[in-house]
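Undergrad: Mapping to this note's numbering: the sequence shown position 29 is 60, numbers consecutive. Positions of the beta carbon are idealized from the N, C-alpha and C atoms, including for glycine. Treat the numbers as computed from the prediction; the structure is a model and nothing was measured.
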Amino acid sequence: MKRTLIFIAVAMAAAALSYGQTLNVTRPTGGERWTLGSREAITWNYSGITGNVVVRLVLPSGERVGRIANVPVGDRSFNWTVGQLATETAAAGEYSIQIYAADQDITATSGRTISLVDPAGAAGDISNVRLSGTSPHRI
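#1: Might you give, ordered along the chain, the residues of its own chain that have their beta carbon closer than 6 Å to the beta carbon of G82, omitting 5 neighbours on each side?
#2: Which two residues bound the contiguous beta strand (DSSP E) that contains T112?
#3: Cα-Cα, which of T144, G114 and A100 is closest to I130?
#4: Which runs of the beta strand (DSSP E) fall wholly inside the stretch 61 to 104 and span at least 3 residues, in chain order?
#5: Excluding the 5 residues preceding and the 5 following G61 in the sequence, name in chain order all residues of the same chain whose CB lies nearer than 8 Å to its CB.
#6: Tell me the start and end of each unbroken beta strand (DSSP E) in the stretch 115 to 143 that is at least 3 residues and wholly inside, in chain order.
#7: Assuming G97 and T118 form a contact by the criterion Cβ under 8 Å, report the distance between their Cβ atoms to the nearest whole angstrom.
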């Protein structure tokens, strides 16, 4: 049974390559810090694929967290309100972006993980810093 499943997986991958079907996540590339609630573009390139793609948020293990969007593959991008999923809101943490073309059963995942951060904890955000004591303050 295990050999049969491996053979089927290899055959499907070979069939996709023989038809010139490719799908790649081009943004994010990994290492980005995206603030929850901000707007960020998720982008991809493709060839030989038709129909819609499902944009998903996944854990580093590959486990699906939720669906971000379902859009035509030809759009090549989706402007995401970071953290907003179809049925819930993602928490701050480490994730990857996955693009899935259901009609061709092809999946692409961003390279390294991205960090979704709370607005108050975003790097470089000093809007919530309060200084106390006597003046002058040194930072």
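TA: Based on what the coordinates show:
#1: By 1-based counting over the sequence shown, the position of residue 82 is 51. Contacts found: D134.
#2: Counting from one through the sequence shown, the residue named residue 112 turns up at place 81. First-last of the beta strand (DSSP E) with T112: S108 to T112.
#3: In the sequence shown, the residue the question calls residue 130 occupies position 99. The shortest C-alpha separation from I130 is found at A100.
#4: 64 to 66, 70 to 78, 83 to 89 and 95 to 103
#5: Position 30 of the sequence shown, counting from 1, holds the residue named residue 61. For G61, where only same-chain residues beyond five positions count, the Cβ hits under 8 Å are S127, S141, G142, R143, T144 and I145.
#6: 124 to 132 and 137 to 140
#7: Locating residue 97 in the sequence shown gives position 66, where the first residue counts as 1. Locating residue 118 in the sequence shown gives position 87, where the first residue counts as 1. Confirmed, Cβ separation roughly 6 Å.
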